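Residue numbers 605 to 759, in this note's numbering, belong to the letters of the sequence shown in order.
Note that CB positions come from ideal geometry on N, CA and C, so glycine has one too.
These numbers were taken from a predicted model, which means no experiment stands behind them.
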Amino acid sequence: MYERILVPLDGSQVAEVALDHAVEIARAANSRLVLFQALTLPSLTSVLTSGTLNAEAEAAPFRLDMQGFELDRNEADQYLTNVCSTLVGEGIGVSIATAQGDPAGAIVSYAKAADISLIVMSTHGSGGLSRPAFGSVAEQVVRNSPIPVLVIPHR
Numbered sequence: 605m606y607e608r609i610l611v612p613l614d615g616s617q618v619a620e621v622a623l624d625h626a627v628e629i630a631r632a633a634n635s636r637l638v639l640f641q642a643l644t645l646p647s648l649t650s651v652l653t654s655g656t657l658n659a660e661a662e663a664a665p666f667r668l669d670m671q672g673f674e675l676d677r678n679e680a681d682q683y684l685t686n687v688c689s690t691l692v693g694e695g696i697g698v699s700i701a702t703a704q705g706d707p708a709g710a711i712v713s714y715a716k717a718a719d720i721s722l723i724v725m726s727t728h729g730s731g732g733l734s735r736p737a738f739g740s741v742a743e744q745v746v747r748n749s750p751i752p753v754l755v756i757p758h759r
């Protein structure tokens, strides 16, 4: 039923709460897991307002963004590879993937393109006034995903 299960991770313990659930589903359904992380490029506005530009960097803000993006991609790949190695050692079929974009959009787009049959992700569980006006990533994925999404509260 669930051949490929996408597990979005961001390096936090909260995100990893979903991993145990995804592993149990994968074992029961003989599924493969895809560990996923969305990467975002810092905008020129964020670079300018962060105060990190100097005279040399002002001439090449995009280069600054791309250098930071490559560092983020390398860190994401290393993190996902470490988690993947642990799961492979437990006999779980697993692969890793990263994509550029806002997290919710990247998760949904990747799930569609990679023939994912289930998304398992955690949520911070904040709601009401503490949630940003645009909603949580998990909420946006649930609203926009054409495939089932299992949302695990972190508590």
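Using a Cβ-Cβ cut-off of 8 Å (strictly less than) and excluding sequence neighbours within five positions of residue i, which residues of its own chain qualify?
| i | result |
| --- | --- |
| M605 | A633 and S721 |
| V746 | V753 and V755 |
| S625 | In the sequence on display, residue 625 carries His and not Ser. Answer for H625: V724, L754 and I756, listed in chain order. |
Given that a residue counts as buried once 16 or more other Cβ atoms are within 10 Å of its Cβ, and exposed if not, what is residue i?
| i | result |
| --- | --- |
| V741 | buried |
| S616 | exposed |
| T685 | exposed |
| V651 | With a pLDDT of 48 at V651, under the threshold of 50, the modelled position of that residue is not reliable, and the figure given next carries that caveat. Per the 10 Å Cβ criterion, buried. |
| A717 | exposed |
Does the distance from the CB of residue i to the CB of residue j come in under 9 Å?
| i | j | result |
| --- | --- | --- |
| V627 | E694 | yes |
| A622 | I756 | yes |
| I609 | V724 | yes |
| S726 | E620 | yes |
| F640 | A701 | yes |
| L613 | Y714 | no |
Assuming residue i contacts residue j under a Cβ cut-off of 8 Å, what Cβ separation, rounded to an integer in Å, is found between them?
| i | j | result |
| --- | --- | --- |
| I711 | A630 | In fact, because the Cβ distance is near 18 Å, the residues do not count as touching under 8 Å. |
| T644 | D706 | 6 Å |
In chain order, what residues of the same chain have a beta carbon less than 6 Å from the beta carbon of residue i, not counting five sequence neighbours either side?
| i | result |
| --- | --- |
| L691 | V698 |
| P752 | L722 |
| Q704 | L643 |
| N748 | V712 |
| E679 | none |
Can you name, in chain order, every residue of its own chain whose Cβ lies under 7 Å from the Cβ of residue i, other than the five neighbours on each side?
| i | result |
| --- | --- |
| S744 | For clarity, residue 744 is Gln in the given sequence; the question names Ser instead. Within the same chain, Q744 has close Cβ partners A708. |
| S635 | Y606, E607, R608, I609 and I629 |
| R677 | L643 and T702 |
| K750 | Here the sequence assigns Pro to residue 750, which means Lys is not the residue at that position. Excluding residues within five positions, the ones whose Cβ falls inside 7 Å are K716. |
Verify the CB distance criterion: does residue i have a CB-CB separation below 9 Å to chain B?
| i | result |
| --- | --- |
| D681 | Absent here is chain B; the protein component of the structure consists of one chain. |
Query raised in the report: Can you give, in chain order, each stretch of the alpha helix (DSSP H) that sits fully within the stretch 616-642 and has at least 4 residues?
Result: Runs found: 617-633.
Query raised in the report: In chain order, which alpha helix (DSSP H) runs of at least 4 residues are fully inside the stretch 668-728?
Result: If only complete runs of 4 or more residues are kept, the stretch 668-728 shows the alpha helix (DSSP H) at 707-717, in order along the chain.
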